[in-house]
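Engineer: Got a structure here, written out as structure tokens. Questions coming.
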Amino acid sequence: MLSRKRLPLLVVCSALAPLVLALLVPGPVTVIILAVWGGAAAIAGVEITRRNAEKENTAIRRTLEEAANAALNHHRHDWMNDLQVLYGYIRMGKYDKSAECVERIKERAAQDSKLSKLGIPALIFFCTRSG
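So the sequence shown is numbered by my numbering: it starts at -2 and just counts up by one.
Right under this line is the structure:
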């Protein structure tokens, strides 16, 4: 099977056949055939390249969406753990421990706020994934 990456090159190279014909049998008809063939090859090459780029962009977008979803799920899980611990301390009446837990939550919220203001998405993503 023909590789998708080689297809545009093949389309452009296919214009060699009418070019050879034009060199062997010069005349206005062969020049017209060469022009039409070349135009069709160029249009086909551009369209194939556009479709390949669109497929790659779709794949990249899907990967980014999946990574963002995984990061959000991880972050949500961490927050739920903190809230469950806090809820447990409150139910047991350990208000000193619950105050410490609230302070930890506040520190993480402040850290998340600082991270979100970095303005470098790759770094923010890396820090939230490893933290």
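Quick reminder that beta carbons are idealized off the backbone N, C-alpha and C, glycines included.
(1) I'd like to know whether the C-beta atoms of K94 and Y86 end up nearer to each other than 7 Å.
(2) Is C10 buried or exposed, if buried means 16 or more other CB atoms sit within 10 Å of its CB?
(3) For the pair the region 33 to 44 and the region 61 to 74, tell me if three or more CB-CB distances fall below 8 Å.
(4) Looking at V28 and A19, is the spacing between their C-beta atoms short of 7 Å?
(5) Please return the same chain residues whose Cβ sits closer than 6 Å to the Cβ of D79, not counting the five positions on each side in sequence.
(6) How big is the Cα-Cα spacing for E104 and N70?
(7) With DSSP collapsed to three states, give me the class of P15.
Structural biologist: Based on what the coordinates show:
(1) For the 7 Å CB-CB criterion, K94 and Y86 form a contact.
(2) By the 10 Å Cβ count, C10 comes out exposed.
(3) Output reads no: the region 61 to 74 does not touch the region 33 to 44.
(4) A Cβ-Cβ contact shorter than 7 Å links A19 with V28.
(5) Excluding residues within five positions, the ones whose Cβ falls inside 6 Å are I102.
(6) Those two C-alpha atoms are separated by around 20 Å.
(7) Helix at P15.
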